[in-house]
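Numbering (my numbering), first residue to last: 14 to 81.
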Amino acid sequence: MPFFRRPDYKSDATQFIDQLKAQQPDLEARQRAGRALLWDKAVDRNAWSEYRAARVPQKPYVYQTDNS
């Protein structure tokens, strides 16, 4: 340990988060539940490969009217 050791620094944001977690112990569980609700989805790879195969190539200039 260094001779002139300074006390451990905690930023205001870290102190706020620590205080919030102390006040609401179930906060992380609720965050995980919200993430699972919106982001953690099972991916059907077969359906995605079919979607990619069914794509129609885009024209070079999308606003050009088709006169033919």
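All residues carry an ideal CB built from backbone N, CA and C; glycine is no exception.
Uninterrupted alpha helix (DSSP H) stretches at least 4 residues long and entirely within the segment 30 to 55 occur at 40 to 51, given in chain order. Here R19 carries a coil assignment [DSSP, helix/strand/coil].
Here the C-alpha atom of V56 lies approximately 31 Å from the C-alpha atom of P73. The Cβ atoms of L51 and L40 lie no closer than 8 Å to each other.
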